[in-house]
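Peer 1: Just so we're aligned, residue 875 is where the sequence shown starts under this note's numbering, counting upward by one.
C-beta: ideal position from N, C-alpha, C; glycine also.
Next up is a structure, given as structure tokens.
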Amino acid sequence: MKLPLLNLPASLNYIGIFLTLDCNLNCSYCINDPKQEGQRSTVFPIQATNDRAMSPDLWARALSRIPYSPELPITLQGGEPMLYWKSRGLGLLLEQVPHYFDLLTNFALPPAQFARNLRGQQAKLQRKAPYPSIRVSYHAEEMDRAWKGQGFQELVDRCAALDQFGFCVSPEKSKSDVGIYMVAHPENHVTAEMEGIYKDRIPFETKEFLGVHDNRLYGHYLYPFSTDLVSRGIALRTLECECRTTELLIDPLGFVWGCHFFLYQSWVEGGPRAQFSVLAENEFRFADKAGDLFEASTFTPIGHILDPEFTMEALTVFRPCNQYGRCIGCDTKIKNDRFQSYYDRGVPHTSVQMRNIRMPAHLLRQVDRTEQIAPFLHPDNQPT
Ligand code: SF4
Ligand code: SF4
């Protein structure tokens, strides 16, 4: 059965496909583990089962619902997407769909194997954009461990080698299909040696570290305490609010989520595998089955991408949430939308929108500029 096309609103800012949550690395600050306690490989152990990701065929069916638009790329991420479907899934998926994609990766495979696994679909990762569509993350500690102290050199060599496999590689980011990004974690530093390695070869940038390190919060957030309320011991319990997302976030089994925290936490708890099995036997009728399937779950998705009744309306609904304070930084940090709203017009964008936050007076007194948060607070919790 052909699924109805999704009517993507102009306000949709991002489509993120989490092909797999498996990863070859174990970065201490990995946000897949909402606690960021360096337990990633324990929380998400790599297992040789195929019940933790949808097949490339099912993904192709799902993506056939998404109208092609060069302005709104589909971002493949994880975990480590090169590992998807025993490392052969990317090409098997890309060859079945017309879309162009961005790829967030740590370059887990040697370039020749990566290129071979793409099955000639390189063009699908060569979107016309002012920045590289293949964005490679550099993780110093983990890559030095994996590549015997030569982490950065190996990563730059892998990126540079893509020019032998049909990609454009340039030190100018607007011309290069590939670029390296380093999380500006307080323990990550750009050294003169690194500059000597990447200069004149590959675009290299740092990106903001989001989260708590040594009891200090890093990043700028629209909603106070949304990411650090519990982890910094500011309060013992999370708060209530209503929340909705501006992004289409789809997990490895095709479930659509209202925020990154719900998606990740559901997988910390093993992922909705049993629910997927039931849905697969029932034409993925999530709208009919979700009440029963997720009755006992704290973390409930907002839809399934293969449900014929799923529409983008699901993203417009504000839903009650009692987890405010454990939000993932990428959901509540202040940033630009894809139209540069913050830089050009001073309008901060966040991946989620919140209202009716139940922030008690003793917390509110710790907020620097309460007038900025007032519109998001519940009427009973307005500053006096
Ligand atoms: S490479 Fe990315 S997904 Fe993997 S552990 Fe590091 S931060 Fe997490
Ligand atoms: S309040 Fe935080 S945890 Fe709750 S839905 Fe929004 S982003 Fe997610």
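Check whether the Cβ of TYR1005 sits closer than 8 Å to any heavy atom of ligand 2, and report yes or no.
Peer 2: Locating residue 1005 in the sequence shown gives position 131, counting from the first residue. Incorrect: TYR1005 has no Cβ contact closer than 8 Å to ligand 2.
Peer 1: What do you get for GLN987, buried or exposed, if any count of 16 or more other CB atoms within 10 angstroms of its CB means buried?
Peer 2: By one-based count along the sequence shown, residue 987 stands at place 113. Answer is exposed; the Cβ neighbour count stays below 16.
Peer 1: Can you grab the Cα-Cα spacing for the pair ASN881 / THR1224, in whole Å?
Peer 2: In the sequence shown, the residue the question calls residue 881 occupies position 7. In the sequence shown, the residue the question calls residue 1224 occupies position 350. Between ASN881 and THR1224, the C-alpha separation is close to 22 Å.
Peer 1: Which value, in whole angstroms, describes the spacing of the CA atoms of LEU957 and ALA982?
Peer 2: Position 83 of the sequence shown, counted from the start, is the residue given in the question as residue 957. Position 108 of the sequence shown, counted from the start, is the residue given in the question as residue 982. Spanning the two alpha carbons is a distance of roughly 8 Å.
Peer 1: Between which two residues does the alpha helix (DSSP H) holding HIS1087 run?
Peer 2: The residue you call residue 1087 lines up with position 213 of the sequence shown. Element bounds for HIS1087: not the alpha helix (DSSP H) but the beta strand (DSSP E), 1085-1087.
Peer 1: Return the bridge partner residues of HIS1178 from the DSSP annotation.
Peer 2: Here residue 1178 is taken as the residue at index 304 of the sequence shown, counted from 1. DSSP, once it has assigned bridges, lists PHE1129 as partnering HIS1178.
Peer 1: With DSSP as the reference, label SER1050 as helix, strand or coil.
Peer 2: Translated into positions along the sequence shown, residue 1050 becomes position 176. Coil.
Peer 1: Mind pulling the alpha helix (DSSP H) runs of 4 or more residues that sit fully within the stretch 885-921?
Peer 2: Taking only runs of at least 4 residues, the alpha helix (DSSP H) segments lying wholly in the stretch 885-921 are 914-917.
Peer 1: So who's on the other strand from CYS1117, going by DSSP bridges?
Peer 2: Walking along the sequence shown from the start, residue 1117 turns up at place 243. For CYS1117, which the question treats as bridged, DSSP gives the partners ARG1193 and MET1228.
Peer 1: So, using beta-carbon positions, are SER1007 and MET1056 closer together than 9 Å?
Peer 2: Locating residue 1007 in the sequence shown gives position 133, where the first residue counts as 1. Locating residue 1056 in the sequence shown gives position 182, where the first residue counts as 1. Going by C-beta atoms, SER1007 is not nearer than 9 Å to MET1056.
Peer 1: Apply the 10 Å Cβ neighbour rule to MET875 and answer buried if 16 or more other Cβ atoms are within range, or exposed otherwise.
Peer 2: In the sequence shown, counting from the first residue as 1, residue 875 sits at position 1. It counts as exposed.
Peer 1: Considering only the beta carbon of each residue, do THR1134 and CYS1204 sit closer than 9 Å?
Peer 2: If you number the sequence shown from 1, residue 1134 lands on position 260. If you number the sequence shown from 1, residue 1204 lands on position 330. In the sequence as displayed, the identity of residue 1134 is His instead of Thr. Result yes, Cβ atoms of HIS1134 and CYS1204 sit closer than 9 Å.
Peer 1: Nearest to GLN1139 by CA position, among ILE889, LYS909, ALA884 and CYS897, is which residue?
Peer 2: As a position in the sequence shown, residue 1139 is number 265, starting the count at 1. Minimum Cα distance to GLN1139 is reached at LYS909.
Peer 1: Quick one, what's near ligand 2 if you take every residue whose CB is closer than 5 Å to any heavy atom, in chain order?
Peer 2: In chain order, the qualifying residues are CYS1117, CYS1133, PHE1135, CYS1195, GLN1197, TYR1198, CYS1201, ASP1205 and VAL1226.
Peer 1: Excluding five sequence neighbours on each side, which residues of the same chain lie with their C-beta closer than 6 Å to the C-beta of ARG993?
Peer 2: If you number the sequence shown from 1, residue 993 lands on position 119. GLY965 and GLU969.
Peer 1: State yes or no: is the C-beta of CYS1201 within less than 9 Å of the C-beta of SER1100?
Peer 2: To locate residue 1201, count along the sequence shown from 1; it is residue 327. To locate residue 1100, count along the sequence shown from 1; it is residue 226. Yes.
Peer 1: Keeping to the same chain, check which residues put their C-beta closer than 8 Å to that of GLY1093; ignore five residues upstream and five downstream.
Peer 2: For the purposes of this step, residue 1093 is taken as the residue at position 219 of the sequence shown. Within the same chain, GLY1093 has close Cβ partners GLU1082, PHE1083, LEU1084, GLY1085, THR1101, GLY1203 and LYS1207.
Peer 1: Let me know if GLU954 comes out buried or exposed under the rule of 16 or more other beta-carbons within 10 Å of its beta-carbon.
Peer 2: As a first step, residue 954 must be located in the sequence shown, where it is residue number 80. So GLU954 counts as buried.
Peer 1: Would you check if there are 3 or more beta carbon pairs closer than 8 Å linking the stretch 928-947 to the stretch 1176-1195?
Peer 2: In short, these stretches touch, since the Cβ pair count reaches three.
Peer 1: Under the rule that 16 or more other beta-carbon atoms within 10 Å means buried, what is ASP1322, buried or exposed?
Peer 2: Since the first residue of the chain shown is 875 and the last is 1258, residue 1322 is not available in this structure.
Peer 1: At a threshold of 8 Å, does SER961 count as lining ligand 1 (C-beta to nearest heavy atom)?
Peer 2: One-based indexing of the sequence shown puts residue 961 at position 87. It does not: the Cβ of SER961 is nowhere closer than 8 Å to a heavy atom of ligand 1.
Peer 1: For SER943, which option in LEU899, ALA884 and GLU1187 has the closest C-alpha, if you only look at C-alpha atoms?
Peer 2: Here residue 943 is taken as the residue at index 69 of the sequence shown, counted from 1. Of the candidates LEU899, ALA884 and GLU1187, the one whose C-alpha sits nearest the C-alpha of SER943 is ALA884.
Peer 1: Could you work out which residue in ARG1118, ARG1090 and PRO1098 is closest to ARG1106 when comparing CA atoms only?
Peer 2: Within the sequence shown, residue 1106 is the residue found at index 232, counting from 1. Looking at the Cα atoms, ARG1090 is the closest of the given residues.
Peer 1: Run the CB neighbour count on ASP1074, radius 10 Å, all protein chains shown included, and call it buried at 16 or more, exposed below.
Peer 2: Translated into the one-based positions of the sequence shown, residue 1074 becomes position 200. ASP1074 should be labelled exposed.
Peer 1: So what's ILE1282 in DSSP terms, helix, strand or just coil?
Peer 2: Since the first residue shown for the chain is 875 and the last is 1258, residue 1282 is missing from the structure and cannot be characterised.
Peer 1: Please determine if the stretch 1121-1132 and the stretch 1239-1256 are in contact, where contact requires at least 3 C-beta pairs separated by less than 8 Å.
Peer 2: Too few Cβ pairs lie closer than 8 Å, so no.
Peer 1: Thinking THR927 and THR894 are a contact (beta carbons under 8 Å), I'd like their distance in whole angstroms, please.
Peer 2: The sequence position of residue 927 within the sequence shown is 53, counting from 1. The sequence position of residue 894 within the sequence shown is 20, counting from 1. Residue 927 is actually Ala in this sequence, not Thr. Yes, they are in contact, since the Cβ atoms of ALA927 and THR894 sit about 5 Å apart, within 8 Å.
Peer 1: What residue range does the beta strand (DSSP E) around ASP976 cover?
Peer 2: For this step, residue 976 is matched to residue 102 along the sequence shown. 975-979 is the span of the beta strand (DSSP E), which, as asked, contains ASP976.
Peer 1: Nearest by alpha-carbon distance to THR1190: which of ASP976, PRO1077 and GLU1116 is it?
Peer 2: Translated into the one-based positions of the sequence shown, residue 1190 becomes position 316. With distances taken between Cα atoms, THR1190 lies closest to GLU1116.
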